[in-house]
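Q: Numbering (my numbering), first residue to last: 1 to 113. Note that the Cβ used here is the ideal one computed from N, Cα and C, for glycine as well.
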Amino acid sequence: MLQAAPIQEAVVVRESRTTDIEQIVREAARKYGLNEEHFLSIAMCESTMNPSAINYGYYENGHPSGLFQHLSGYYPARAEKAGYSTDVFDAYSNANTTAAMWSEGLSHLWECQ
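#1: Out of curiosity, what's the CA-to-CA distance linking Ala79 and Ala43?
#2: Pull the bridge partners of His63 from the DSSP assignment, please.
#3: Consult DSSP for Leu71 and reduce its assignment to one of helix, strand or coil.
#4: Can we say the stretch 50 to 64 touches the stretch 26 to 41, given the rule of at least three CB pairs closer than 8 Å?
This is the structure:
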């Protein structure tokens, strides 16, 4: 008679989503020479660090969307220019596209400063 080996439960330790998003924002800031704490505060102000955020209360060529609240109609061209995914809800792409734009002096396009 075959005996089944006991099933061991796997314990997966995963950082919280906020920590993952925070890391993405920090890395983007470092990559583009921006102050990490300031860039984090912008993400918090814009979307409370929520990469799925959409502001339905404003519309100009799309709703402000994603981690840094890009106007969704403008985002694909911005991301493509910076060399990132055109998905506004991709946190990595959104953070890096924003950091690239800020490093080029375009921070004035954001409400949060």
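A: So, to answer that:
#1: By one-based count along the sequence shown, residue 79 stands at place 79. By one-based count along the sequence shown, residue 43 stands at place 43. The straight-line gap from Cα to Cα measures roughly 17 Å.
#2: The residue you call residue 63 lines up with position 63 of the sequence shown. Beta-bridge pairing links His63 to no other residue.
#3: On the sequence shown, residue 71 is found 71 positions in, with the first residue counted as 1. Reduced to three states, the DSSP call for Leu71 is strand.
#4: no
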